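Following: one structure in structure tokens, then a few remarks.
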Amino acid sequence: MTYNRFNHQGYFGESFVRALVSAAGLIAGQQDVDHTGVDFSIDFPGARGTARFPKIEAQVKSWSSPRGTDVHWHYPIDVDNYNNLAGAGFTVPRYLFLVIVPADVRQFAQVDETSMRLNHCGYWASLHDRPLVDPAVQRSVTVHVPRRNLLTVSGLRALLHPVPVQQVPAS
């Protein structure tokens, strides 16, 4: 297998997410085997409210030819990947992270003495309320990823759901 443009693009998308996770003070981990449709487990390194070590899981997709409206991206995803994110019953919340990247790989990053800019940006979507799709009937699903769900440092931390602080009774 050769390392082609799509491998490069996918690796950049995952690196984009890793940079945000690091900037958010979170920890990104990968499973040894890609069997569950999860690219990253993203963990909070401690207690958050009453939850200890909360986490989310994410599947990262990169896209260099985005289509959609002013409100949503219309991302076509294959049914197997979709079904790994859709529906209820997951013990850990799962998200689709969609990283919009330049068509020209030379534009992935610009660096100067004061900063490094990664182009373009990422978005997230939860599919927990979407129905599973029969792969014998349909090969792909168009997911509407809200443009308001910009993947930022604060937004990423918010996905690990703020947990209310437990009130400890006075003794």
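Going by full-length UniProt numbering, the letters in the sequence shown line up with residues 1 to 171, in that order. Each residue gets a CB set at the ideal place from its N, CA and C atoms; glycine is no exception. Treat the numbers as computed from the prediction; the structure is a model and nothing was measured.
#1: Please determine, among T142, Q31, W124, the residue with the shortest C-alpha to C-alpha distance to residue 219.
#2: Can you say whether F16 is buried or exposed, counting buried as having 16 or more other CB atoms within 10 angstroms of its CB?
#3: Can you tell me the Cα-Cα spacing of S154 and H72, whole angstroms?
#4: Mark D129 as exposed unless 16 or more other C-beta atoms lie within 10 angstroms of its C-beta, in which case mark it buried.
#5: Roughly how many whole angstroms lie between the Cα atoms of V38 and T114?
#6: Strictly by DSSP, which residues pair up with D58?
#7: Do you know offhand how far V101's Cα is from P66's?
#8: For L96, which of A24, Q107, V133, K61 has the nearest alpha-carbon?
#9: Looking only at its own chain, which residues have a Cβ that is under 7 Å from the Cβ of V168, when we skip the five neighbours before and after it?
#10: Does the Cβ of Q59 have 16 or more other Cβ atoms within 10 Å, making it buried, or fewer, making it exposed?
#11: Going by the CB atoms, is the gap between L118 and A28 shorter than 8 Å?
#12: Taking D78 as part of the beta strand (DSSP E), name the residues at either end of that continuous run.
#13: According to DSSP, simplified to helix, strand and coil, what is H144?
Inspection of the coordinates gives the following:
#1: In this structure the chain extends from 1 to 171, so residue 219 is not present and cannot be described.
#2: Within the sequence shown, the letter at position 16 stands for residue 16. So F16 ends up on the buried side.
#3: Walking along the sequence shown from the start, residue 154 turns up at place 154. Walking along the sequence shown from the start, residue 72 turns up at place 72. Going from the Cα of S154 to the Cα of H72 covers about 21 Å.
#4: Position 129 of the sequence shown holds residue 129. Counting the other CB atoms within 10 Å of its CB gives D129 a total below 16, which places it among the exposed residues.
#5: For the purposes of this step, residue 38 is taken as the residue at position 38 of the sequence shown. For the purposes of this step, residue 114 is taken as the residue at position 114 of the sequence shown. T114 has its alpha-carbon roughly 34 Å from the corresponding atom of V38.
#6: For the purposes of this step, residue 58 is identified with residue 58 of the sequence shown, where counting begins at 1. Here the sequence assigns Ala to residue 58, which means Asp is not the residue at that position. Residue pairing of A58 in beta bridges, as defined by DSSP: F40, Y95.
#7: By 1-based counting over the sequence shown, the position of residue 101 is 101. By 1-based counting over the sequence shown, the position of residue 66 is 66. Their Cα atoms are separated by approximately 9 Å.
#8: If you number the sequence shown from 1, residue 96 lands on position 96. Minimum Cα distance to L96 is reached at K61.
#9: Position 168 of the sequence shown, counted from the first residue, corresponds to residue 168. The predicted position of V168 is uncertain, since its pLDDT is 48 and thus under 50; a value taken from the coordinates is nonetheless stated next. So no residue of the chain qualifies.
#10: The count along the sequence shown starts at 1 and reaches residue 59 at position 59. Flag for Q59 reads buried.
#11: Residue 28 sits at position 28 when you count from the first residue of the sequence shown. Residue 118 sits at position 118 when you count from the first residue of the sequence shown. Not in contact: A28 and L118 (Cβ atoms no closer than 8 Å).
#12: Translated into positions along the sequence shown, residue 78 becomes position 78. Boundaries of the beta strand (DSSP E) around D78: 72 to 78.
#13: The residue you call residue 144 lines up with position 144 of the sequence shown. In the structure shown, H144 sits in a strand (DSSP, three-state: E or B).
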